[in-house]
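Colleague: First to last, the protein sequences are chains A and B. Under the numbering used here, think of the first position of the first sequence as 18, with each following residue one higher. Under the numbering used here, think of the first position of the second sequence as 3, with each following residue one higher.
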Amino acid sequence: MKQLYFLFLLSFIPIGIFGQNNLMDLLNENTPAETNYTTATFKSTRIMNGHSIEKMPAGQLDVRISHRFGTINSGAYEFFGLDQANMHLSLEYGIFNWLMVGVGRGNYEKTFDGFAKFTLLRQSSGVKEMPVSLSVLSSVAVKSLKWPDPTRINYFSSRLSYVGQVLIARKFNQSFSFQLTPSYVHRNLVATEMDPNDLLAVGAGGRMKLTKRLSLNAEYFYLANPKSYMSQQVYNPLSLGIDLETGGHVFQFIFTNSLAMIEKGFIGETTSSWLKGGIHFGFNISRVFTLQKH
Amino acid sequence: MKRLSVLYFLLSVVVAVNGQKYMTKNGYIGFLSHTTMEDIKGDNNQVAGVLDISTGDLVFQALIKSFHFDRALMEEHFNENYMESDKFPKSSFKGRIVNPSPVDFSKPGTYEVTVVGDLTIHGATNKISTKGTIVIAAGEITATSKFNINPEDYKINIPGVVREKINKNLEVTVAMKYAPVENK
Numbered sequence: 018m019k020q021l022y023f024l025f026l027l028s029f030i031p032i033g034i035f036g037q038n039n040l041m042d043l044l045n046e047n048t049p050a051e052t053n054y055t056t057a058t059f060k061s062t063r064i065m066n067g068h069s070i071e072k073m074p075a076g077q078l079d080v081r082i083s084h085r086f087g088t089i090n091s092g093a094y095e096f097f098g099l100d101q102a103n104m105h106l107s108l109e110y111g112i113f114n115w116l117m118v119g120v121g122r123g124n125y126e127k128t129f130d131g132f133a134k135f136t137l138l139r140q141s142s143g144v145k146e147m148p149v150s151l152s153v154l155s156s157v158a159v160k161s162l163k164w165p166d167p168t169r170i171n172y173f174s175s176r177l178s179y180v181g182q183v184l185i186a187r188k189f190n191q192s193f194s195f196q197l198t199p200s201y202v203h204r205n206l207v208a209t210e211m212d213p214n215d216l217l218a219v220g221a222g223g224r225m226k227l228t229k230r231l232s233l234n235a236e237y238f239y240l241a242n243p244k245s246y247m248s249q250q251v252y253n254p255l256s257l258g259i260d261l262e263t264g265g266h267v268f269q270f271i272f273t274n275s276l277a278m279i280e281k282g283f284i285g286e287t288t289s290s291w292l293k294g295g296i297h298f299g300f301n302i303s304r305v306f307t308l309q310k311h
Numbered sequence: 003m004k005r006l007s008v009l010y011f012l013l014s015v016v017v018a019v020n021g022q023k024y025m026t027k028n029g030y031i032g033f034l035s036h037t038t039m040e041d042i043k044g045d046n047n048q049v050a051g052v053l054d055i056s057t058g059d060l061v062f063q064a065l066i067k068s069f070h071f072d073r074a075l076m077e078e079h080f081n082e083n084y085m086e087s088d089k090f091p092k093s094s095f096k097g098r099i100v101n102p103s104p105v106d107f108s109k110p111g112t113y114e115v116t117v118v119g120d121l122t123i124h125g126a127t128n129k130i131s132t133k134g135t136i137v138i139a140a141g142e143i144t145a146t147s148k149f150n151i152n153p154e155d156y157k158i159n160i161p162g163v164v165r166e167k168i169n170k171n172l173e174v175t176v177a178m179k180y181a182p183v184e185n186k
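1. Could you give the distance in angstroms between the alpha-carbon of ILE123(B) and the alpha-carbon of LYS27(B)?
2. Using a Cβ-Cβ distance under 9 Å, would ASP41(B) count as near chain A?
3. If you count every other CB in all the chains shown that lies within 10 Å of the CB of GLU184(B), and 16 or more means buried, which is it?
4. Sort out for me which residues DSSP pairs PHE135(A) with in a bridge.
5. Taking DSSP's pairing of strands, which residues face ILE259(A) in a bridge?
6. Does DSSP put VAL305(A) in a helix, a strand or coil?
7. Going along chain B, which residues have a C-beta under 9 Å from LYS145(A)?
8. So with CB distances below 9 Å, who are the chain B contacts of MET16(A)?
9. Three or more beta-carbon pairs under 8 Å between the region 185 to 199 of chain A and the region 144 to 158 of chain A, yes or no?
10. What separation, rounded to the nearest whole angstrom, lies between the Cα atoms of THR228(A) and LYS109(B)?
11. So does the region 284 to 301 of chain A actually touch the region 267 to 274 of chain A, counting three or more Cβ pairs closer than 8 Å?
12. Kindly indicate if chain B contains any beta-carbon less than 9 Å away from that of GLU236(A).
13. Mind checking who ARG176(A) pairs with in its DSSP beta bridge?
14. Any residues in the region 241 to 267 of chain A with a beta carbon nearer than 9 Å to a beta carbon of chain B? Which ones, in chain order?
15. Please tell me whether THR56(A) has its Cβ less than 9 Å away from any Cβ of chain B.
16. Could you compute how far the alpha carbon of SER141(A) sits from the alpha carbon of PRO148(A)?
17. Using the Cα positions of PRO182(B) and GLY51(B), report the straight-line distance between them to the nearest angstrom.
18. Whose CA, out of GLU126(A), SER245(A), PHE96(A), ASN53(A), lies closest to the CA of GLY282(A)?
19. Report the CB separation of GLY143(A) from ALA50(A) in whole angstroms; it is logged as a contact under 8 Å.
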């Protein structure tokens with residue numbers, strides 16, 4: 018009888034001790050499993066030159082100022098390229114959380130450009146499992162240089178070029194993210210008959226976070242068209258750099274062999290080579306403003 | 003045998019009392035960092051909590067990614083740079099009302115209570131003690147509290163460049179509206 022009594026007594030004790038843990042269990046049983054969407058695969062909407070999977074959330078405006086200087090091998094007279102500055106300005110805005118648009122102007126061929134980036138898939142774990150994020154980018158560029166030969170019939174459409182890209186990215190862990198970017202470029206008018214109107218390329222880019230606010234980035238585009246037949250020697254663009262985030266700004270410092278900062282330019286018209294010292298130093302500055310509060 | 007039956011009786015009472023639990027899945031926890039440079043405010047309306055009125059035990063749990071901010075960039079930085087929400091997806095509190103005796107859970111009214119317990123944020127746990135208010139109404143219990151925490155106590159690193167923009171004392175507001183849990 019006494020033993021039984023003790024047994025009963027014992028059975029009460031855990032209730033007192035584990036009361037709060039039991040409540041926690043009750044809570045966990047009653048909270049449905051959720052889907053955890055991956056955020057911040059990259060710090061900025063660009064990996065280096067090319068677009069990343071990231072987009073501006075709805076109501077956020079990104080003001081971007083980018084520079085690429087002349088090539089480092091241009092020597093001391095050109096102050097290793099810093100005497101020549103090629104720039105690109107753009108305003109980019111999130112209309113919905115899945116749609117971002119932007120307009121820009123660069124002095125590379127005096128080009129106006131516009132793009133739309135659609136988010137189709139978001140990497141997630143939990144209830145919904147999705148291994149990658151996927152976005153589609155569509156852009157158009159209008160060259161506004163004076164016609165080289167005003168005596169011939171020049172069509173406005175000859176100024177246009179189009180780019181379509183599929184961005185497929187995965188954040189492998191907190192520090193490492195990787196993206197593949199199959200790309201298609203169409204140029205309405207090319208320099209000579211030897212140059213293809215359509216270009217196919219695939220980009221690969223990644224980032225490795227060094228600290229919470231600093232990451233090492235690299236990006237490469239492989240141009241599939243045979244380059245040897247083109248009227249001028251083009252190279253595959255390779256860019257290396259860092260992202261530095263300071264509150265509302267992201268600074269991207271970059272070494273690249275391409276001068277242009279729009280897809281059409283750096284994918285198809287990169288004319289300097291890393292191996293020959295044709296490296297441009299440059300930077301992108303991104304400043305985000307909240308126009309519409311959440 | 004008589005004693006045994008008394009024990010059985012007692013046991014059944016304990017079980018019954020133990021079943022008096024109140025729960026919410028959409029409680030509120032918000033925090034505010036006020037400085038002359040910037041106000042940073044995060045709100046989470048999906049906090050889950052349970053209150054056991056027989057013991058005064060209470061727990062709650064909040065998903066870090068469910069804190070929302072006016073500015074999307076703040077939300078990203080909150081998750082990425084400060085809370086590391088991939089590593090520490092949840093914050094929780096396990097505690098109890100230390101003076102439940104004046105609270106008559108069966109009678110509508112407003113009661114002042116003191117709550118102590120372990121608050122876990124960013125993987126670090128600290129004991130906290132705070133005053134709170136419990137309002138009993140028909141079929142529901144509302145519990146509210148306001149207290150201050152220091153991010154450094156929870157190993158949340160704030161770099162020098164943004165030091166002036168983030169107050170060392172974050173004001174945390176908790177507001178939970180519990181409904182009774184049906185016994186299974």
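Beta carbons are placed, not taken as given, at the ideal position from N, Cα and C, and that holds for glycine.
Modeller: Reading from the atomic positions:
1. 19 Å
2. no
3. exposed
4. LEU116(A), VAL153(A)
5. LEU233(A), PHE270(A)
6. strand
7. What LYS145(A) touches in chain B: nothing, since even the nearest Cβ is about 14 Å away.
8. Missing from the structure shown is residue 16(A); chain A here goes from 18 to 311 and no further.
9. yes
10. 55 Å
11. yes
12. no
13. None, per the DSSP bridge assignment.
14. GLU262, THR263, GLY264, GLY265
15. yes
16. 7 Å
17. 12 Å
18. GLU126(A)
19. 6 Å
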